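Q: In the numbering used here, the protein residues as written are 2 to 217. Sharing a structure, written as structure tokens. Questions coming.
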């Protein structure tokens, strides 16, 4: 059977765990791209760092040494959709983590209009409703290149997507407003009645007090 394969982590954790700016940025990315957790952000950052390190190493070479490798790297990144056509080594160094997250299957399903949100796209993928080249794809984090993006489709029958609405009918708004107004008026009337009762009782108590006799 052989020795079991030793799995390696696909990401590197932050060197400093308590940096406010980084934490806020990661939270934003998780919300914007509907990610499961920050591990998926770290995977994208690790992927980005790999290509940027390759670009830095190429810059240190002579023009003749790096020409072929630089062309191959840029062609690969253009095919994957990380770079636009006609990219340069400077474009590789200026890549952001969003460039990687944009190529995830989850994001491409959302941007293609098959889902109403990134979270809904993730649900469709994990439930087996999405296919690439007519083959079921169940990994939301799969990197989709330019060619495969055109082959994204439904797996089997299309799923009817209902857009959620949070709008309140105008009639309901009017009913709430009128009810609020009437409740407020009733409270004010009750308060006035209580105040009048208290004043009347106080006046009666004053009348019942014994009168002081005048000194001779």
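Backbone N, C-alpha and C fix where the C-beta goes; we use that ideal spot for every residue, glycine too. Model, not experiment: these values are computed from the prediction.
Out of 78, 201 and 124, state which residue places its alpha-carbon closest to the alpha-carbon of residue 147.
A: Nearest option by C-alpha distance: 78.
Q: Using a Cβ distance threshold of 8 Å, determine whether the segment 20 to 38 contacts the segment 47 to 66, with at least three qualifying pairs required.
A: no
Q: Apart from the five residues on each side of it in sequence, which residues of its chain come closer than 7 Å, Cβ to Cβ, to residue 14?
A: Cβ within range, chain order: 43.
Q: Starting from residue 73, trace the alpha helix (DSSP H) in both directions and tell me its first and last residue.
A: 64 to 81
Q: At the level of alpha carbons, what is the spacing between residue 36 and residue 47?
A: Straight-line Cα distance between these residues: approximately 16 Å.
Q: Taking 7 Å as the limit between beta carbons, can you name the residues of its chain near residue 123, skipping five residues before and five after?
A: 35, 107 and 141
Q: Quick check on residue 96: buried or exposed, where buried means 16 or more other Cβ atoms within 10 Å of its Cβ?
A: buried
Q: Distance check for residue 134 and residue 73, CA to CA, integer angstroms please.
A: As the crow flies, the alpha-carbon of residue 73 is around 26 Å from that of residue 134.
Q: Run through DSSP, which three-state label would residue 137 get?
A: strand
Q: Where residue 161 and residue 117 are concerned, what is the direct C-alpha to C-alpha distance, given to the nearest angstrom?
A: 11 Å
Q: Which partner residues of residue 132 appear in the DSSP bridge assignment?
A: 137 and 154
Q: Have a look at the DSSP bridge pairing and note the partners of residue 105.
A: 144
Q: Identify whether residue 161 lies in helix, strand or coil by the three-state DSSP scheme.
A: Shown here, residue 161 sits in coil according to DSSP, grouped into three states, outside any helix or strand.
Q: With 7 Å set as the bound, which would you pick, yes or no: does the beta-carbon of residue 146 sit closer than that to a beta-carbon of chain C?
A: Of the chains in the structure shown, none is chain C; there is only one protein chain.
Q: Let's see if you can read the secondary structure: which residues bound the alpha helix (DSSP H) around residue 38?
A: Residue 38 -> no alpha helix (DSSP H), and no H or E assigned at all.
Q: With C-beta atoms as the reference, is residue 56 less than 7 Å away from residue 93?
A: yes
Q: Please classify residue 138: is it buried, with 16 or more other beta-carbons within 10 angstroms of its beta-carbon, or exposed?
A: Residue 138 is buried by the Cβ-count criterion.
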